[in-house]
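K.L.:
Start counting the sequence shown at 472; every next residue gets the next number (the numbering used here). Don't be surprised by glycine CBs; every beta carbon is placed ideally from N, CA and C.
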Amino acid sequence: MSKIVITGATGFIGSHLVRFFINNGHDIIAQGSSKSTIKNLISNLEIDEINIKKVEFWQQDFLKEDWNFPDFSHIDFIIHCAAATKVREGTIENYEKYFGLNVLATKILAKKALDEKISHFIHLSTGQVFGIPSHFPITENTPKNPINLYGYTKLIGEKIVASLGILGLKYTIARPFSIYGKGHYNIISIITDKIINNEVLIVYGDGEQSRAFLHVKDICRAIGLILNNETCFSEEYNLSGLKEYSVNDLIKLISDKFKKMPKIIFKESGVNELKRNIADLTKIENLGFRPQENLEDFIAKIN
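1) Applying the criterion that 16 or more other CB atoms from any shown protein chain within 10 Å of the CB defines a buried residue, is Ala771 buried or exposed?
2) How is Gln502 classed by DSSP in three states: helix, strand or coil?
3) Output the distance between the C-alpha atoms of Gln502 and Lys731, rounded to the nearest integer angstrom.
4) Look at the Cβ atom of Trp529, then the Cβ atom of Ile500, and state whether they are nearer than 8 Å.
5) So is Leu638 buried or exposed if we call it buried at 16+ other beta carbons inside 10 Å?
6) Which whole-angstrom value describes the C-beta separation of Asn709 and Glu611, a residue pair presumed to lie in contact below a C-beta threshold of 8 Å?
7) Can you give the beta carbon distance from Asp547 to Ile475, rounded, assuming they're within the 8 Å contact cut?
8) Helix, strand or coil: which one does DSSP assign to Gln599?
9) Specify whether the segment 625–632 and the segment 715–735 touch according to this definition: at least 3 beta carbon pairs, one from each stretch, less than 8 Å apart.
10) Should Asn573 go down as buried or exposed, given a rule of 16 or more other Cβ atoms within 10 Å for buried?
11) Please classify Val671 as buried or exposed, where buried requires at least 16 neighbouring CB atoms within 10 angstroms.
12) Express the C-alpha separation of Thr702 and Ala683 in angstroms, rounding to a whole number.
13) With 16 as the cutoff for other CB atoms within 10 Å, does Pro614 come out buried or exposed?
14) On the three-state DSSP scale, how would you describe Lys412?
15) DSSP state of Ile773, grouped into three classes?
16) Can you say whether Tyr656 is buried or exposed, counting buried as having 16 or more other CB atoms within 10 angstroms of its CB?
17) Put Phe528 into one of helix, strand or coil per three-state DSSP.
18) Rounded to whole angstroms, how far is the Cβ of Lys583 from the Cβ of Phe540, which I believe are closer than 8 Å?
19) Starting from Asn709, follow its DSSP beta bridges and name the residues at the other end.
20) Our contact map puts Glu715 next to Ser740 with C-beta atoms below 8 Å; I'd like the distance itself, whole angstroms only.
21) Using alpha carbons as the reference points, say which of Asn494, Leu620, Ile593 and Lys688 lies closest to Val600.
22) Apart from the five residues just before and just after Gly571, which ones in its own chain have a Cβ nearer than 6 Å to its Cβ?
23) Keeping to the same chain, check which residues put their C-beta closer than 7 Å to that of Asp689; ignore five residues upstream and five downstream.
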């Protein structure tokens, strides 16, 4: 089977991709920034001892100037997940981290993929590159006007990858929107924690802002469809769920699950609040993709 480099392998999406591709028979080089994060990856993967031997660990801090690459001569694919991803970290103090990870590291890795003639470079970006669109659902052709440091630096990363595509890099850009899954810290886990611990839940805005959540397992399935498909070269794909849920919807679903409501304090939202976030899945559906996981079933199974 193929050999795949997965960067950001100790992160939420990256670790699930490691498990997904190992379970599908591939060999993996899993990049992490430190020994401790790599140890966490091993403990969290839930992979048997036979399959764990298919994982080679690449310890590399992408913010360092000196990179020590593993042997890329037998690498077939690279899936680039490593990134700085927090929307609310858009301050001058975080500029170097976001520019270093989302721009400079992407340039180095994509150029390496081109030089080594890697069969396919898949760059994971984000729906944040679109900013606040005027129309929904968001298509791949929707104008990109990011409104935060995360979105801006990821868009620059996309442009770098595409520019190397002109020089021969075989690449695809995949943009997950709102992600969920066990162990992921997001609005679903925040509401759950507040209800379980009888704590006050702060909601910014009126609670009617909505997202079309996509389970991390579905993201893995989408990447799996893209990986060996040459028709995906130089293409970009938006990835989201099929149905929008507002914050108020989530509060009701989770409250019904635990049979108690949290105390809610509504506060004024930021000036750049994104009221909706849902992708048009037509393009990725043409590859045979359809989300299989159900958010309400996921909530019903929360312990």
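P.N.:
From the atom records:
1) With fewer than 16 other Cβ atoms within 10 Å, it is exposed.
2) Gln502 carries a strand assignment under DSSP once its states are collapsed to helix, strand and coil.
3) Cα-Cα distance, rounded: 42 Å.
4) Result yes, Cβ atoms of Trp529 and Ile500 sit closer than 8 Å.
5) Exposed is the call here.
6) Asn709 to Glu611, Cβ: 6 Å. Contact.
7) In this structure Asp547 touches Ile475 by the C-beta definition: roughly 7 Å separates them, less than 8 Å.
8) Gln599 falls in the helix class under three-state DSSP.
9) Output reads no: the segment 715–735 does not touch the segment 625–632.
10) When all chains shown are included, Asn573 counts as buried.
11) Under this definition Val671 is an exposed residue.
12) If I take the Cα positions, the gap works out to 27 Å.
13) With fewer than 16 other Cβ atoms within 10 Å, it is exposed.
14) The chain is shown from 472 up to 774; residue 412 falls before or after that span and cannot be answered.
15) DSSP places Ile773 in coil when its eight states are reduced to three.
16) Classification for Tyr656: exposed.
17) Phe528 falls in the strand class under three-state DSSP.
18) The C-beta separation of Lys583 from Phe540 comes to about 7 Å, placing the pair in contact by the 8 Å criterion.
19) Residue pairing from DSSP places Asn709 in a beta bridge opposite Arg646.
20) Not confirmed; about 17 Å, so no contact.
21) The alpha carbon of Val600 has as its nearest neighbour, out of Asn494, Leu620, Ile593 and Lys688, the alpha carbon of Leu620.
22) Result list for Gly571: Leu534, in chain order.
23) Its chain contains Pro762, Gln763 and Glu764 as the residues whose beta carbon lies nearer than 7 Å to that of Asp689, once the 5 sequence neighbours on both sides are disregarded; these appear in chain order.
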